[in-house]
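Here the structure is laid out as structure tokens; the discussion comes afterwards.
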Amino acid sequence: MKIVLGIGNPGKAYEKTRHNIGFQVLDRLAERLDSGLSARSKWRKDNKLHAEFKLKNEAVLVRPFTFVNLSGESAQAITKKYSVPPKDFLIVCDDVNLTFGKMRLRNFGSAGGHHGLESVIEHLGSDEFSRLRVGVGNEAMPKDLTSFVLESFGVSEKRELEFILDKAVLVCETWINKGFESAREGLSRLQSVKNDYTIKD
């Protein structure tokens, strides 16, 4: 079983913020991989910690109800429920150190200052899990990054956001179906061209 966990803050006030791009990717992934009823209606509250969206290919999407810095609590609960090792997790999160739209995929490493990843590492007891960082930074970032990540995207960024979400979804889908190496190679190709939505075998 593969687990894709998005990092973000709960509540409508945070839905479109930079910090919640992990949730936005997850919603788009659910819509892409599951046809029929509205994807949003298929999220099921598993407990007080998170909601789950089960896909037909033995993958589960996870949306924590906790705030970003407690995301690891959901990861730990999922591990216990499904007996899933850290290597079968993909965490999707924002990264202010990456330029808006740039993505980075790794299968181990430090949290890099991201409190959500810090929590996941702490609760899984390992840093050997995949993480897709989606860049939300820009040249006009203020020193107070706390307020910056809780802002909505700018007008010019919103024009590009749909394309960026689609690219992130393709990377996640490839990771689920073909594994980390194929997803990493696919991401490299996607970032080298602007209009190629295909990850080839």
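Counting from 2, one number per residue, gives the positions in the sequence shown under this note's numbering. Using N, Cα and C, we set each Cβ at its ideal position, and we do this for glycine too. If you're wondering where the values come from, they're calculated on a predicted model, not measured in any experiment.
> Straight-line CA distance for V93 to F109?
Replying inline: 13 Å
>> For L6 and T100, what's the separation of their Cα atoms in angstroms?
In response: Going by the C-alpha atoms only, they are around 22 Å apart.
>> Checking 9 Å against the spacing of the C-beta atoms, do G136 and G102 come in under that value?
In response: yes
> Using the rule of at least 16 other Cβ atoms within 10 Å of the residue's Cβ for burial, across every protein chain shown, is S157 buried or exposed?
Replying inline: exposed
>> From the DSSP secondary-structure annotation, give me the bridge partner or partners of M104.
In response: V135
>> When you compare the CB of D89 with every CB in chain C, is at least one pair closer than 9 Å?
In response: Here there is only one protein chain, and chain C is not present.
>> Let me check understanding here. Comparing Cα to Cα, which of T67, K82, K3, L188 lies closest to Y15?
In response: T67
>> Quick test of your reading: V63 and M2, contact by CB under 8 Å. State the CB separation rounded to the nearest angstrom.
In response: In fact, because the Cβ distance is near 12 Å, the residues do not count as touching under 8 Å.
>> Checking the sheet assignment: what are the DSSP bridge partners for H51?
In response: H51 pairs with P65.
> So the alpha helix (DSSP H) G23 belongs to, where does it begin and stop?
Replying inline: 22-34
> Are S120 and E53 close, meaning C-beta to C-beta below 9 Å?
Replying inline: no
>> Just to confirm before moving on: does the CB-CB distance between L188 and K159 stay below 9 Å?
In response: No; because the gap between Cβ atoms is not below 9 Å, this pair is not in contact.
> Which one of P143, L151, W176, K57 has the shortest CA to CA distance from T18?
Replying inline: L151
> Considering only C-alpha positions, which residue in the set D35, K13, G9, R33 is nearest to G23?
Replying inline: G9
> Of the choices E186, E174, D47, E182, whose alpha-carbon is the least far from that of L27?
Replying inline: E174
>> Just to confirm the assignment, what range does the alpha helix (DSSP H) spanning K144 have?
In response: Element bounds for K144: n/a, residue is neither H nor E.
>> On the DSSP letters alone, give me the boundaries of the beta strand (DSSP E) that G73 sits inside.
In response: Element bounds for G73: not the beta strand (DSSP E) but the alpha helix (DSSP H), 72-83.
> Buried or exposed: where does G117 fall if 16 or more other Cβ atoms within 10 Å of its Cβ makes it buried?
Replying inline: Classification of G117: buried, given that the 10 Å Cβ count is 16 or more.
>> Am I right that I4 and D89 are in contact with their C-beta atoms under 8 Å? What's the rounded C-beta distance?
In response: About 6 Å; that satisfies the 8 Å criterion.
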